[in-house]
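What follows is one structure encoded as structure tokens, with my remarks underneath.
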Amino acid sequence: MADSRAARILVASNRGPVSYSVAGDGTLEKKRGGGGLVSGLSAIGPDADAVWVCAALSDGDREAVRQGVGEPGSRMIAVPPEVFGAAYNGIANSVLWFVHHMLYQTPLEPVFDEDFRDQWASYEAYNAAFADALAEEAAREAAVLVQDYHLALVPAMLRERRPDLRVGHFSHTPWAPPDYFRLLPDDVAAQVLTGILGADRAGFLTRRWAGAFADCCAAVLGASVSDDGGTLTVTHEGRTTVLGVHGLGADGDFLRERAHRPDVAERMEALRAETGPGRRLIVRVDRTELSKNIVRGLLAYRQLLHDHPGWRSRVVHVAFAYPSRQDLALYRDYTAEVSRLAERINAEYGTADWTPVLLKVDDDFPRSLAAYRLADVALVNPIRDGMNLVAKEVPVVSDHGVALVLSREAGAFAELGEDAITVNPYDIRATAAALNTALTLPEAERAARTKRLADAATALPPSRWFLDQLRALGG
Ligand code: F6P
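Residue numbers for the sequence shown follow the working numbering, so the first one is -4 and each next one is one higher.
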């Protein structure tokens, strides 16, 4: 990498490409993450003068920053742990995530009190730390791609510091409709929107989320919105921001190759042994986020066993629910509820040689791929989801075709809806009926649908998704 103080392309996200932990003997251990951004960024090659700015998330990360250990081409920002905790857990995960996924139980929450204001001040400080680092690293007129709700204030802050830069912001979540977004205190709602409007382009995963953002800008800020041949623009206080729609797809080449390595084959064998030969598999793979709707998925499966006794002993629900954001009590409670319900279903319907639900909570990527390959039905029923890559990945690696039961509230619905069996994620009876339809889909139709789903799912691989945005910024 050339002089990192003059980066021509910058990416900013809360979670970076590597994380560190302190081993028993005090040395630092490095773990590399995956995901769309990592493969997207790799598409520009090592000579592009790119820098990835991310946050130190853990004590290990902070120790790495202290020791000056780091990846070439990346810079970790270490704000004090209490500031980070308030910004990440307090605001990003407990407020902005809840607003965009519409997760509040509104009779009791949210409560925007003094504690909230303190946390908001931390969120501002954490965003300012990113803006400072980006301003320092960027070459003249460099392109900066800021990611997600963690960093909503960065575009405006950066524009103030470096008006020469070309700034994009991308939301990987849904965007809330105005009535829900306006749960936020008015000044905070305005700050979030004007923060993002500091960008030249604001990107979203679907037209629906872009439209909701535009509606919020009109309702909260009185901004003017226009639709120029399908492209939305928002003009506020003399500045215009273009809203881009880029539906991140699955990385087909990577997945197909990875799914055929021996460790996946081993896990397929193990799964087959655990579920029993010949049984149909309803598979779900999620991080255990409240928005993923795992509990209602289990309730729907129980309803299926109740309504269609013929499936008893002939089907297994393979549910992989990997830990996420366990610092938050609500997430811990939700994780416990998933386990309780799985056990209840197993106690209610299980027999000596049949366990109806196979729940795994330890994260194992090759095992996820094994389940993808074996799935007869994939259950993807989020309450609300920016995109949902699982819905796109399963059809790509499926061995013998898969029927996709898909929530109409997932961003992926916009691209996959026609060949999926669509559900209202709150409707247990309808989801149970959809599971039955999926299990009984004629084989030829299932195969034809899977092919079309896989084509749609890989239409915009991460490398193109990333390069398209860069190009749109004039990079
Ligand atoms: O899946 C949506 C998303 O916003 C991703 O863009 C982002 O990486 C992730 O959620 C954040 O999750 P975490 O809190 O584990 O970093």
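C-beta: ideal position from N, C-alpha, C; glycine also.
Quiz item: For the alpha helix (DSSP H) that L266 lies in, which residues bound it at each end?
Solution: Boundaries of the alpha helix (DSSP H) around L266: 257 to 270.
Self-check item: Straight-line Cα distance separating V400 from I39
Solution: In a straight line, the C-alpha of I39 is about 35 angstroms away from that of V400.
Quiz item: What's the gap between the Cα of N122 and the Cα of R291?
Solution: Going from the Cα of N122 to the Cα of R291 covers about 36 angstroms.
Quiz item: Since L250 and V352 are thought to touch, with beta carbons under 8 angstroms apart, how far apart are those beta carbons, to the nearest angstrom?
Solution: That pair is no contact at about 26 angstroms.
Quiz item: Whose C-beta lies closer than 7 angstroms to the C-beta of L436 among residues of the same chain, with five residues either side of it excluded?
Solution: Excluding positions up to five away in sequence, the list reads A398.
Self-check item: Proximity test, H167 beta-carbon vs the ligand F6P heavy atom, cut-off 7 angstroms
Solution: Between the ligand F6P and H167, a heavy atom-to-CB distance of less than 7 angstroms is present.
Quiz item: Considering only residues of the region 189 to 233, which uninterrupted beta strand (DSSP E) runs meet the minimum length of 3 residues and lie entirely inside it, listed in chain order?
Solution: Runs of the beta strand (DSSP E) inside the region 189 to 233: 196 to 199, 219 to 223, 226 to 231.
Exercise. Assign E252 to one of two classes, buried (16 or more other C-beta atoms within 10 Å of its C-beta) or exposed (fewer than that).
Key: Label assigned to E252: exposed.
Quiz item: Can you tell me the Cα-Cα spacing of I324 and Y317, whole angstroms?
Solution: Residue identity differs from the one stated: residue 324 is Ala in this sequence, not Ile. Roughly 16 angstroms between the two C-alpha positions.
Quiz item: Are there three or more Cβ pairs, one per stretch, closer than 8 angstroms when the region 151 to 161 is compared with the region 116 to 130?
Solution: Contact annotation: the region 151 to 161 touches the region 116 to 130, with at least three C-beta pairs closer than 8 angstroms.
Practice problem: Please classify P456: is it buried, with 16 or more other beta-carbons within 10 angstroms of its beta-carbon, or exposed? | Solution: It counts as buried.
Self-check item: Nearest-angstrom Cα separation, counted from A116 out to D(-2)
Solution: Its pLDDT being 46, under 50, D(-2) is placed unreliably in this model, and the coordinates cannot settle the point.
Quiz item: CB of G381 to nearest heavy atom of the ligand F6P: below 7 angstroms?
Solution: True, at least one ligand heavy atom lies under 7 angstroms from that Cβ.
Exercise. Count the C-beta pairs between the region 258 to 265 and the region 358 to 367 that are closer than 8 angstroms, then say yes if the count reaches three, no if not.
Key: Touching, per the Cβ criterion.
Practice problem: Compute the minimum distance between the beta carbon of R70 and the heavy atoms of the ligand F6P, and state whether it is under 7 angstroms. | Solution: Outside the cutoff, so no.
Quiz item: By Cβ distance below 7 angstroms, which residues in the same chain neighbour L221 in space, the five residues on each side in sequence not counted?
Solution: In the sequence as displayed, the identity of residue 221 is Ser instead of Leu. Once the five neighbours on either side are set aside, the close Cβ partners of S221 are T228.
Quiz item: If you count every other CB in all the chains shown that lies within 10 Å of the CB of D195, and 16 or more means buried, which is it?
Solution: Under this definition D195 is a buried residue.
Practice problem: Tell me, to the nearest whole angstrom, how far the beta carbon of H95 is from that of W170; I am working on the premise that it is less than 8 angstroms. | Solution: About 6 angstroms separates the two Cβ atoms, so the contact holds.
Self-check item: Contact check, T237 vs T230, beta carbons under 8 angstroms
Solution: It should be noted that the sequence gives Val, not Thr, for residue 237. Against a cut-off of 8 angstroms, the Cβ pair of T230 and V237 comes out as no contact.
Self-check item: Burial state of G163, where buried means 16 or more other Cβ atoms lie within 10 Å
Solution: Counting C-beta atoms within 10 angstroms of its own C-beta, G163 has 16 or more neighbours from the protein chains shown and is therefore classed as buried.
Quiz item: Roughly how many whole angstroms lie between the Cα atoms of Y329 and T283?
Solution: Going from the Cα of Y329 to the Cα of T283 covers about 8 angstroms.
Self-check item: Run of the alpha helix (DSSP H) containing Q464, from where it starts to where it stops
Solution: Q464 -> alpha helix (DSSP H) spans 457 to 467.
Quiz prompt | Closest Cα partner of G396 within the set R275, N341, H312 | solution = Considering only alpha carbons, the answer is R275.
Quiz item: Between which two residues does the alpha helix (DSSP H) harbouring E404 extend?
Solution: Counting along the chain, E404 falls outside any alpha helix (DSSP H), and DSSP gives it neither H nor E.
Practice problem: Take the Cβ of R297 as the centre, count every other Cβ of all protein chains shown within 10 Å, and call the residue buried at 16 or more, exposed below. | Solution: So R297 ends up on the buried side.
Exercise. Pick helix, strand or coil for A133, following the three-state DSSP scheme.
Key: If DSSP states are grouped into helix, strand and coil, A133 belongs with the strands.
Practice problem: Taking only runs that begin and end inside the region 393 to 448, name each unbroken beta strand (DSSP E) of 3 or more residues, in chain order. | Solution: Under the rule that a run must span 3 or more residues, the beta strand (DSSP E) segments found entirely inside the region 393 to 448 read 398 to 402, 416 to 418.
Quiz item: CA-CA distance, L300 and R307?
Solution: Between the C-alpha atoms of L300 and R307 there is a straight-line separation of about 6 angstroms.
Exercise. For my contact list, D143 and S8 are in at a C-beta cut-off of 8 angstroms; report their separation, rounded to the angstrom.
Key: With 8 angstroms as the limit, D143 and S8 qualify as a contact, their Cβ atoms being about 6 angstroms apart.
Quiz item: Excluding the five sequence neighbours on either side, which residues of its own chain have a C-beta within less than 8 angstroms of the C-beta of Q321, listed in chain order?
Solution: Excluding residues within five positions, the ones whose Cβ falls inside 8 angstroms are R327, T330.
Exercise. Could I get the ranges of all uninterrupted beta strand (DSSP E) runs contained in the region 29 to 102, with 3 residues as the minimum, in chain order?
Key: Runs of the beta strand (DSSP E) lying entirely within the region 29 to 102, each at least 3 residues long, are 45 to 50, 69 to 72 in chain order.
Quiz item: Name the DSSP bridge partner or partners of A314?
Solution: Bridge partners of A314: R279, L354.
Practice problem: Identify every residue that forms a DSSP beta bridge with Y15. | Solution: K25, per the DSSP bridge assignment.
Quiz item: From this set, P158, R441, E338, S393, which residue's C-alpha is nearest E413's C-alpha?
Solution: Residue R441 is the option with its Cα nearest to E413.
Self-check item: Given G239 as reference, the closest of R444, R203, A254 once Cα atoms are compared
Solution: Nearest Cα to G239 within the set R444, R203, A254: R203.
Exercise. Look at the alpha carbon of A425 and the alpha carbon of N419, and state the distance between them as a whole number of angstroms.
Key: Roughly 7 angstroms between the two C-alpha positions.
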